[in-house]
Amino acid sequence: MTALTLGDLARALGGEVLGDAQTRVENVATLESADNRAIAFLMHERFLAQLHASRAGAVILATRHRDATALPRIACANPHAYFARVAALLHPTPLPAPGVHALASVHAGATLEPNASVGPYAVIGDGARIGEGAVIGAHAYVGVGATVGARTRLWPGVVLYHGCRVGERCQLHSGVVVGADGFGNAWEQGDDGGHWLKVPQVGRAIIGDDVEIGANTTVDRGAIEDTVIEQGVRLDNLIMIAHNVRVGAHTAIAACTGIAGSTRIGKRCRIGGAVGISGHLTITDDVEIGGKTMITKSITKAGSYSGSYPFEDTRLWRRNAVQIRHLDELVQQVKQLEKRLAQLERKGA
Amino acid sequence: MTALTLGDLARALGGEVLGDAQTRVENVATLESADNRAIAFLMHERFLAQLHASRAGAVILATRHRDATALPRIACANPHAYFARVAALLHPTPLPAPGVHALASVHAGATLEPNASVGPYAVIGDGARIGEGAVIGAHAYVGVGATVGARTRLWPGVVLYHGCRVGERCQLHSGVVVGADGFGNAWEQGDDGGHWLKVPQVGRAIIGDDVEIGANTTVDRGAIEDTVIEQGVRLDNLIMIAHNVRVGAHTAIAACTGIAGSTRIGKRCRIGGAVGISGHLTITDDVEIGGKTMITKSITKAGSYSGSYPFEDTRLWRRNAVQIRHLDELVQQVKQLEKRLAQLERKGA
Amino acid sequence: MTALTLGDLARALGGEVLGDAQTRVENVATLESADNRAIAFLMHERFLAQLHASRAGAVILATRHRDATALPRIACANPHAYFARVAALLHPTPLPAPGVHALASVHAGATLEPNASVGPYAVIGDGARIGEGAVIGAHAYVGVGATVGARTRLWPGVVLYHGCRVGERCQLHSGVVVGADGFGNAWEQGDDGGHWLKVPQVGRAIIGDDVEIGANTTVDRGAIEDTVIEQGVRLDNLIMIAHNVRVGAHTAIAACTGIAGSTRIGKRCRIGGAVGISGHLTITDDVEIGGKTMITKSITKAGSYSGSYPFEDTRLWRRNAVQIRHLDELVQQVKQLEKRLAQLERKGA
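Read top to bottom, the protein sequences are chains A, B and C.
For the first sequence, counting from 1, position 202 maps to 189 in my numbering; every step adds exactly one.
For the second sequence, counting from 1, position 45 maps to 32 in my numbering; every step adds exactly one.
For the third sequence, counting from 1, position 59 maps to 46 in my numbering; every step adds exactly one.
So, in structure tokens, the structure goes:
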């Protein structure tokens, strides 16, 4: 258990200490659950009531809220980011020892930089390169000629297909599959009624630096050119990135979203969960998309876009949904009413 | 091949035998596919015609249907549950032998209770605890300090991150990932245009007793406090449970559903497939949600809720969907018509 | 690096060479990215401008476009399929050597046909059969009594549960789980408020010949009878095929789609991404379904069906979506207007 004083934190991370700089904190907590050994943070002023009721040992808050509590505190420009750094100091993620586990399988033709760690039953293929301080978890698979950058962590069971590349300081969580074949099929008509012919997927999947990918997300290799996830991207769990897609730097995508082939997503986009984006589209930079929206056309203007169907009591939903099937008829009907009414009005005039 | 008589079944499971109690059955089947060595069940009266045509050796049915057939039969209160128990007797799932496989990697600091089974290439970390009779499948990973309860089964390739806990008598299917990092990111503005900073996820994922989790479902660890799946919950495949979510006891969730961070789901809810539930909501007990619904507000009243868009012929869909973009205009137009018509009516009066 | 002349290609694959048959090509590329060592193809006439600007060494095109360029070229009936075959010749996928890796675990009761390849840490259970030339990747799991057909490839980490079968010449990508338990639960009311009882899933999952399944897709075993994927089917990533489903031959399903239990899909269907299909439905042959559609009724007529909600600027979406909750009221209101107007018109006449 690490313990640090507010003074220690300010020396390491900046910010202004108010109250006793010798206050020691051992763990992070929410304002509500914190006890006097914990440090919490104020995310937003709508939580001021929770701040006032908090039993936290110390609090991180924005400079404009520096006087909102008498608790020992650190005032700073970005409390969320500051809290993230404190949490990393107080709760370091367990890191396996460097070196190759006796039960790992590393091909003689692979290159491991110093301090790389390879876990039990991991497989590193011929020609693969593992960067300095990288962590290849148990059961992870790094295919022939694939590359893992320095200080990147593949959690247990990650699969990186042949020839694919992951940059530096990335985190790929368990179940992530990078570089499986994209969905490429050519239809062949024939006497049998027709069948699919596989189109070989000869591109790669390339992941930039500082990318995090959540559990069970898949990033397919390109059909001809590469699928690319640019630096700083955040992908949540169970996301599908199809072949030839490019996701721009610092874009964040929430879980269960699927992006179809050859679509290009801009930089700093924020895409909600369970969104679907059709193939061959271009989404410009700084676009926000609401949860469960289906995007069927390119978006050329930064802004916020949505399109999920409203939920309601199931009986009402049945009544309203059935009318959608007649919505165009309703529109025509209203147009007719409009005309007839105008005619009556003219008569009446 | 096990074979049991109806008398054997009634002694073990209760119910009333009608017809020859010496009738032997070897396997379960549907009413339609059963032959005279099979036992089938009547789920609902809409299948009475299939009962009458059935060649089953025996049938399980509700007491009120006790005379609906001349076949040897067992009448009971809940035929579906009775059938489940008969299937478990006639078709036991293959269970690996107890003991640690020679090719498993069990840390010296791990604790294994008697009769636990650890399969080939499984990894059990330092400080982990495996309960009595638990089955850790091939390639499964139990992280540092994680706990697996008695008689729980991790199927091949399940990943349980460090510090997480799974209760007793659970089934976690292949590809399940419990305890990967939640999607926690703080935005830092800067000269580079801005970037994400990872927020360490220091909570755990806690799974109660008697929970079943389907293939490739992910349950993230909590950001600060824990993500909790209460006892008796049923999660289907490819579900996303985000950080800090709590799923109440005996709730069942169908495949491809995603629940965003910090949402609390009540007890005994029945949530359809491909549902999306936004973050920070509260869904009360005994709520039913239809497939593909997006839930954007808390639900405080038990009941049934839905909201999926109706499908139709693609040409009609194009016509109707385009009008939704003008629905509010249509409403305003109808209001205007209403006013003008009222005016005419007053004139005419 | 393989290099082939257009003459070599035409001898192997047919088609008519126009221009220099000695032109050598080393790799495939797009019309835009190709240099003079690459061969590209013209998919559709809307890319004719790209053809005219292309620096490709050679081009594959349809016979009707044989004179659309002066580049060395091959004219054929189906350029997409021709291109697929050329790509397979120029870019063969790395194939592990036949034989059982020293670090694999193959049960003495398993049968391996000649030239099968079993990778490091793969597990083959008792009674399993691996066909001639099949490739079982690293960390793949073939359960007790399961069968893998000739020349089928299980990529690293694929899980095939006990008793399930995969046909010949299939590709199952990493993270695919075939044969996990379906979502079978019987509700038992009781003094505890009720709980679920697991219904054993005693059927199998059966995959036909020439099937490809994308990363992290799940195909559950049947509840009583089998789940069946017929020959030539294409499943993309992160798809859920529930218990007892049957997918007809040569049907293609895009990523993130879920098909609920006991539904039957016809042959040669083309199902978009993120589609949901309810349980116990029948979809006939040759049906096309648009992305993100929810199918709630059987489809008995071949054709194209859709039903996704249109997206738009978030502010407009809020206005329009709220009106959907009152759509049925709007319809009633328009009907009343209609009546009142007709009455006025009669008066006026």
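Idealized CB from N, CA, C, for every residue including glycine.
Remark: C-beta atoms of R191 of chain C and G209 of chain C approach each other more closely than 9 Å.
Chain-ordered, the chain B residues with CB closer than 8 Å to the CB of R221 of chain A read F170, N172 and W183. When C-beta atoms of the stretch 269 to 286 of chain C are compared with those of the stretch 251 to 259 of chain A, fewer than three pairs fall below 8 Å, so the two segments do not count as touching. Contact between the stretch 27 to 41 of chain B and the stretch 1 to 8 of chain B is absent: fewer than 3 CB-CB pairs across the two stretches fall below 8 Å. Taking a contact to require three or more Cβ pairs closer than 8 Å, the stretch 259 to 266 of chain A and the stretch 226 to 245 of chain A qualify as touching. Under DSSP, the beta-bridge partners assigned to S291 of chain A are A:E275.
With respect to chain A, the C-beta atom of Y108 of chain C has a partner C-beta closer than 9 Å. In this structure, the alpha-carbon of V163 of chain C lies about 53 Å from that of T56 of chain A. By the beta-carbon neighbour count (other beta carbons within 10 angstroms, threshold 16), E19 of chain A is exposed. For A25 of chain A, the closest of A:V46, A:K322 and A:H88 by C-alpha to C-alpha distance is A:V46. For Y69 of chain C, none of the residues of chain B pass the 7 Å Cβ criterion, the least Cβ distance being about 30 Å. Using a Cβ-Cβ cut-off of 9 Å, L225 of chain A counts as an interface residue toward chain C, since at least one Cβ of chain C sits closer than that to its own. The Cβ atoms of H126 of chain C and A109 of chain C sit closer than 9 Å to each other. Neighbours of S104 of chain C in chain B, taken as residues at a C-beta separation under 9 Å, are lacking, since the least C-beta distance is about 18 Å. For K185 of chain A, there is no enclosing alpha helix (DSSP H); the enclosing beta strand (DSSP E) covers residues H182 to K185.
Taking all protein chains in view, the Cβ of R221 of chain B is crowded by 16 or more other Cβ atoms within 10 Å, so the residue is classified as buried. Looking from the CA of G181 of chain C, the closest CA among B:G235, B:A43 and B:A62 belongs to B:G235.
Interface annotation, V318 of chain A: in contact with chain B, CB-CB separation under 9 Å.
Bounds of any alpha helix (DSSP H) do not take in L48 of chain B; it lies within the beta strand (DSSP E) bounded by A45 to A49. A distance below 8 Å between beta-carbons, with the five flanking residues on each side excluded, links Q310 of chain B to the following residues of its chain, in chain order: L317. Where L35 of chain A is concerned, there is no enclosing beta strand (DSSP E), although the alpha helix (DSSP H) around it starts and stops at L35 to A40.
Nearest CB-CB separation between P143 of chain B and chain C: below the 9 Å threshold.
Cβ-Cβ distances below 8 Å link P66 of chain A to F28, L29, M30, I47, L48 and A49 in the same chain, with the five nearest sequence neighbours on each side left out; the list follows chain order. Contact annotation for L331 of chain A against chain B: L331 [CB-CB distance below 7 Å, chain order]. For the options A:A121, A:V129, A:A97 and A:G112, the alpha carbon positioned closest to that of S104 of chain A is the one of A:A121. Here the alpha carbon of S92 of chain A sits roughly 52 Å from the alpha carbon of R11 of chain B. At a cut-off of 9 Å, the C-beta of A242 of chain C has a neighbouring C-beta in chain A. Under the three-state reduction of DSSP, W174 of chain B is assigned to strand. Between I216 of chain B and V189 of chain B, the C-beta spacing is not below 9 Å. The CB of V164 of chain A never comes closer than 9 Å to any CB in chain B; the least such distance is about 10 Å.
Around the C-beta of L82 of chain C, fewer than 16 other C-beta atoms lie within 10 Å, and the residue is accordingly described as exposed. Around K334 of chain A, the beta-carbon contacts reaching into chain C at under 9 Å are G335.
The residue from A:A173, A:G294 and A:T301 with its alpha-carbon nearest to that of A289 of chain B is A:T301. Measuring C-alpha to C-alpha distances from A16 of chain A to each of A:L0, A:L38, A:Q320 and A:R(-2) identifies A:L38 as the nearest. The beta carbons of V131 of chain A and H149 of chain A sit about 4 Å from each other, so the pair counts as a contact at 8 Å.
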